[in-house]
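A quick write-up on the structure given underneath.
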Amino acid sequence: MALRLQRAEPVRQEIHLLPFQRRQRLPLRGSADFHGNRRLPLLIAVNEHIPVPTGRKTPKPRSRWWRLHAWLGLKLSVFLTVILLSGTLAVMGNEIDWLADPAMRASPGVRDRASWGTIAANALAAVPGGHIDLIERGPDPWFATVVVMKAPDGHRRRVLVDPATGRVNRVAGFGGAQRFLRDFHRRLMLPVAIGLPIVTGFAFVLLTSLVSGLVTYKKFWRGFLRRPRWRDWRTASGDLHRLAGLWSLWFLSLVIATSIWYLVELLGASAPVLLPLDPVLQTDRSQDLAQPVGAALDGLAHRARERFPDLDIRRIQYPFPGVRAVGFQGAAQSWLTTEKANSVWIDPSTSQVLLTFEGPALSAHQRISEMADPLHFGTWGGLASKVVWFLFGSLLTGLAVTGVIIYATRLRGAWRVAARGISWWGLAGAACIAGALLLAPAALMG
2 MALRLQRAEP VRQEIHLLPF QRRQRLPLRG SADFHGNRRL PLLIAVNEHI PVPTGRKTPK
62 PRSRWWRLHA WLGLKLSVFL TVILLSGTLA VMGNEIDWLA DPAMRASPGV RDRASWGTIA
122 ANALAAVPGG HIDLIERGPD PWFATVVVMK APDGHRRRVL VDPATGRVNR VAGFGGAQRF
182 LRDFHRRLML PVAIGLPIVT GFAFVLLTSL VSGLVTYKKF WRGFLRRPRW RDWRTASGDL
242 HRLAGLWSLW FLSLVIATSI WYLVELLGAS APVLLPLDPV LQTDRSQDLA QPVGAALDGL
302 AHRARERFPD LDIRRIQYPF PGVRAVGFQG AAQSWLTTEK ANSVWIDPST SQVLLTFEGP
362 ALSAHQRISE MADPLHFGTW GGLASKVVWF LFGSLLTGLA VTGVIIYATR LRGAWRVAAR
422 GISWWGLAGA ACIAGALLLA PAALMG
């Protein structure tokens, strides 16, 4: 009987070693290969008597920080992206309105300005029977002056007036891109008592992501000038994510600090308000409200400049129920303050100065409160600072998106795992986005 030989399947054995053990490749002598094939290597341990450890290793602290960083980025990615993107666009909200609506543009090349009284008179004529709430100059010379009015039907309107000629460009609704983006970023189009705590509370999510990212990145201070490696997508995206995160540290820290301050104010630690609540300004709520226009308003503006020579008037607040004075607000020598920090309040019937606010005279608490908005939205330096804020806001938005992509590429079934990880958080974020989009037409059209 002939003996039939079968080819033996080569056996490969690998022994798990301790970190200090050395692996060595040795040729397998006397292989059971009957066909003369070359010898097969066998991976063995130099010392086979050392016990091989079993069971899971205890995660290192750095690994736990990385898991926290990845968990926050994955579970809350939709919310983070929505909040960061809306804030980035809100920085340039006025510029978006200027691009979208020709009526928001002033006459080019005209340096002379129409007086406040002329602008008010023309706006009042454009909305017969209306009441002026405030007049606000645009953030830059090429913007139209906005007169906010309450129409006889009770709705608010924006009268867009060319600041050079005083001509009314258009009577628009109260909404616009700037208002919609600010409201959405501030409260997700939810009631203030609900939306504002949600948005400001995410400052702690950003803070945890910042700390965990720095702890995870070994010797992060060396990475500011480290070039990204382009050998594959995973390596390049990871290096770019770390590089962008390092260079945006200052900006992210500023956003976190101002957001936490907003939350502190919401919880009851707000600074004394700079609104006309002083008893000297108050009057009977049933009293008819003055509507100075034309020469009367120009005379009051001149009186305000006499009282506060450094005041560059940028906004005029008209009397409203309970307050009988006209407020002239604007910029002065104080740095990082809003218009209401520098103001003169005048009785329109007597031209008597009732109250004056000056930025340098504010308390430390009030100065911190006044600094929050210019620093958070980058309005402190005009268009130049807003462009910088927009670029770094875009960088943070990109970090929120690419962080999920990087985490997903490290796992098998990347996008399936990422989608499953987002789960209900993603659905809730998508619901917020859908709700905001449904409300967008009403907000934009007023």
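With the sequence shown counted from 1, adding 1 to any position gets you this note's numbering.
By construction, the Cβ of each residue, glycine as well, lies at the ideal position given by its N, Cα and C atoms.
CB of residue i within 8 Å of CB of residue j, strictly
i, j, result
"F221", "W248", "no"
"R187", "G174", "no"
"L85", "L397", "yes"
"M190", "F391", "no"
"D134", "K151", "yes"
"D102", "L384", "no"
"A342", "L312", "no"
"L182", "V256", "no"
"A237", "V172", "no"
"S335", "P361", "yes"
"I136", "R316", "yes"
"T209", "L363", "no"
Option nearest residue i by Cα separation, candidates the options
i, options, result
"F252", "V111, A342 and K387", "K387"
"V354", "S344, P361, A362 and V212", "S344"
"A122", "L356, R187, R112 and V169", "V169"
"R157", "R306, F144, G176 and P142", "G176"
"V83", "P229, V265 and F185", "F185"
"A165", "T119, G196, H132 and T380", "T119"
"L356", "L197, Q330 and G131", "Q330"
"H132", "S335, E96, D348 and V294", "V294"
"F205", "G394, P349, L337 and L81", "L81"
"S87", "E307, Q179 and K219", "Q179"
"E266", "I97, T403, A373 and D233", "A373"
"V200", "G139, P153 and Y263", "Y263"
"R138", "W346, A365 and E340", "E340"
"R235", "S64, S395 and T403", "T403"
"S108", "P62, R63, A365 and L161", "L161"
"R65", "S364, T217 and P320", "T217"
"R308", "W346, S78 and Q292", "W346"
"P273", "E371, I314 and P320", "E371"
"A71", "I314, G167 and G239", "G239"
"R106", "K76, W381 and G167", "G167"
"S78", "W381, F203 and F321", "F203"
"G246", "L75, S395 and K61", "S395"
Span separating the alpha-carbon of residue i from that of residue j
i, j, result
"V325", "F378", "Sequence check: residue 325 is Arg here, not Val. Going by the C-alpha atoms only, they are around 32 Å apart."
"L290", "Q318", "12 Å"
"L298", "L69", "59 Å"
"R304", "L268", "39 Å"
"R114", "I369", "34 Å"
"L400", "G328", "43 Å"
"F358", "I406", "51 Å"
"S271", "R228", "45 Å"
"G155", "G130", "11 Å"
"F393", "D348", "45 Å"
"H242", "R230", "12 Å"
"T351", "G323", "18 Å"
"A124", "A104", "14 Å"
"A296", "A302", "10 Å"
"A33", "D233", "Its pLDDT being 44, under 50, A33 is placed unreliably in this model, and the coordinates cannot settle the point."
"A258", "G196", "19 Å"
"V193", "Q367", "22 Å"
"K219", "R63", "9 Å"
"I261", "N95", "25 Å"
"V389", "S254", "15 Å"
"G300", "K76", "59 Å"
"L244", "V111", "45 Å"
Residue i beta carbon near the ligand SAM (any heavy atom closer than 7 Å)
i, result
"R112", "The ligand SAM is absent from the structure shown, which contains no ligands of any kind."
Residue i - DSSP class collapsed to helix/strand/coil
i, result
"G239", "helix"
"S78", "helix"
"R23", "Unreliable positioning characterises R23 in this predicted model, as indicated by a pLDDT of 45, which lies under 50. The coordinate reading is nonetheless provided below. Correct three-state label for R23: coil."
"R159", "strand"
"G196", "helix"
"G174", "strand"
"F393", "helix"
"Q318", "strand"
"E137", "strand"
"K61", "coil"
"S344", "strand"
"D154", "coil"
"L290", "coil"
"D313", "strand"
"Q353", "strand"
Short CB-CB distance (under 8 Å) between residue i and chain D
i, result
"A101", "Chain labels in this structure do not include chain D; a single protein chain is all it has."
- Query: Should the region 87-105 be called in touch with the region 210-219, which here means at least 3 C-beta pairs below 8 Å?
  - Reply: no
- Task: For the region 101-116 and the region 137-146, state whether three or more C-beta atom pairs, one from each stretch, are separated by less than 8 Å.
- Result: yes
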